[in-house]
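Structure record follows, encoded as structure tokens.
2 protein chains.
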Amino acid sequence: MEIDLTPAALLALRKILDAAELENRKMAAATGLTSSQALVLRQIGGHETITPSAVASALGFGQATITNIVDRLVAAQLVTRTRGLADKRQVMLQVTELGREKLKASPFPLQMRFSQGYAGLASWEQAMILAALERLDGLLTPEAPAPA
Amino acid sequence: MEIDLTPAALLALRKILDAAELENRKMAAATGLTSSQALVLRQIGGHETITPSAVASALGFGQATITNIVDRLVAAQLVTRTRGLADKRQVMLQVTELGREKLKASPFPLQMRFSQGYAGLASWEQAMILAALERLDGLLTPEAPAPA
DNA sequence: TGAAGATGCTTCGAAAATCGAATTAATTGC
DNA sequence: GCAATTAATTCGATTTTCGAAGCATCTTCA
């Protein structure tokens, strides 16, 4: 007779997700950004340049929303907008020096706690957690087809 | 020479968190609730009755925000407000039958994917993931002091 | 008992997020 | 070249979110 571990796993997962969301909000305030702004800034920062629509689809927002948030990021001098060279309909977003500092200054909030705790674990435990995370990742993100 | 697993673990964690947040938004739309509303409804549903301020502090929102969102949940007949008996300043929030259905109908979105995938794993893997999640949970939630 | 202060919630005003629809500009397909 | 498509912005409307101010209730304690 097997016990179904699913409920327990789900509960733990949910706790983690909730904790993360909560801290997200707290952090944003600390850096003077809202959490949406932080999210968008991070997304842009993850690429050399990126278009608004790419940001929108990556984050699951509408284009209009991104335009709005980017307006604020530009006003705050954290991001620049440049018209695309090849395709002039496009806009290329890029994080400024200042924006990059802001990003450095605000690693997402669980990060510190996680890093600290993680570093203190025995290495077999670290490996286990990493493996589990990657497995989870596979489960949760439906995923791009493997390249031919 | 040890390799630092922290960056890899962090990356995986972040991917999971981002995926969760994204799906949260998508789901909310599907049920006709916004994600904040869903969050608050879930929180209320987790208790027999609960006060607005308890919800606020659990979710890290201001009281005013909760009042606002609860207004909408009440208007949608998902939640009732009752004046506290012992302390008439308080308000007791309670999920209605309709609200409970709504909750059932919208298990948070990763849940299904997770449950399905998880069920398909070998049981040693399930156990490993569960252990890792619980470990993570411990790392990430700073924690209430143990009761005396 | 009856202020004075504390507590719990709502109201109010304002900024920001969020969306869909309409608009403008540029590209691509014939 | 012109029609259809695509990228982004603008517009209008709703929701989220907060802090401050206001109201009602409770507690304290003289």
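These protein sequences, in sequence, are chains A and B. Each position in the first sequence, counted from 1, maps to that position plus 640 in our numbering. Each position in the second sequence, counted from 1, maps to that position plus 640 in our numbering. Cβ atoms here follow ideal geometry from the backbone N, Cα and C, with glycine treated the same way. All of these numbers come straight from a predicted model, not from anything done at the bench.
Buried or exposed, going by whether 16 or more other CB atoms sit within 10 Å of the CB of residue i?
i	result
A/PRO692	buried
B/ALA652	buried
B/LEU779	buried
B/ILE709	buried
B/LEU626	Here chain B covers residues 641 to 788 and nothing more, so residue 626 of chain B does not appear.
A/GLY739	buried
A/ASP658	buried
A/GLN756	exposed
B/ILE643	exposed
A/ALA649	buried
B/ALA715	exposed
B/ALA704	exposed
B/ALA678	buried
Who are the Cβ neighbours of residue i in its own chain at under 7 Å, not counting the five residues just before and after it?
i	result
B/THR707	PRO692
B/ALA660	LEU750
B/SER675	ASN664, ARG665 and ALA668
B/LEU702	Residue 702 of chain B is actually Gly in this sequence, not Leu. So the list reads ALA696, once near-sequence residues are dropped.
A/ALA786	Its pLDDT being 37, under 50, A/ALA786 is placed unreliably in this model, and the coordinates cannot settle the point.
B/ALA745	THR671
B/ARG723	VAL731
Could you give the first and the last residue of the continuous alpha helix (DSSP H) run that contains residue i?
i	result
A/THR671	646 to 671
A/GLN766	763 to 780
A/SER675	675 to 685
B/VAL760	In the sequence as displayed, the identity of residue 760 of chain B is Gly instead of Val. Premise fails: B/GLY760 is in no alpha helix (DSSP H) and is neither H nor E.
A/ALA726	No alpha helix (DSSP H) holds A/ALA726; DSSP gives it neither H nor E.
A/SER746	Counting along the chain, A/SER746 falls outside any alpha helix (DSSP H), and DSSP gives it neither H nor E.
A/LEU699	692 to 699
Within the continuous beta strand (DSSP E) that includes residue i, where are the two ends?
i	result
A/THR707	Where A/THR707 is concerned, there is no enclosing beta strand (DSSP E), although the alpha helix (DSSP H) it sits in stretches over 703 to 715.
B/GLN734	731 to 735
Note down, in chain order, each residue of its chain lying with its Cβ closer than 8 Å to the Cβ of residue i, except the 5 sequence neighbours on either side.
i	result
B/LYS742	THR671, LEU673, LEU681 and LEU718
A/ALA698	GLN683
Quick one: residues in its chain with C-beta nearer than 6 Å to the C-beta of residue i, no 5 flanking neighbours on either side, listed in chain order?
i	result
A/GLN766	none
A/ALA784	Confidence at A/ALA784 is low in this model, with a pLDDT of 45, below 50, so the placement of that residue should be treated as unreliable; the coordinate-derived value is given next. Result list for A/ALA784: empty, nothing under 6 Å.
Inter-stretch contact at 8 Å, needing at least 3 Cβ pairs: the segment 677 to 695 of chain B / the segment 730 to 737 of chain B
yes
Please name the residues in the segment 668 to 686 of chain B whose beta-carbon is closer than 7 Å to at least one beta-carbon of chain A, in chain order.
none
Does the segment 765 to 775 of chain B touch the segment 764 to 774 of chain A, meaning 3 or more C-beta pairs lie closer than 8 Å?
yes
Chain B contacts made by the segment 697 to 712 of chain A, where a contact means CB separation under 9 Å:
Legend: CB atoms of the segment 697 to 712 of chain A lying less than 9 Å from CB atoms of chain B belong to residues ALA698, LEU699, GLY700 and PHE701.
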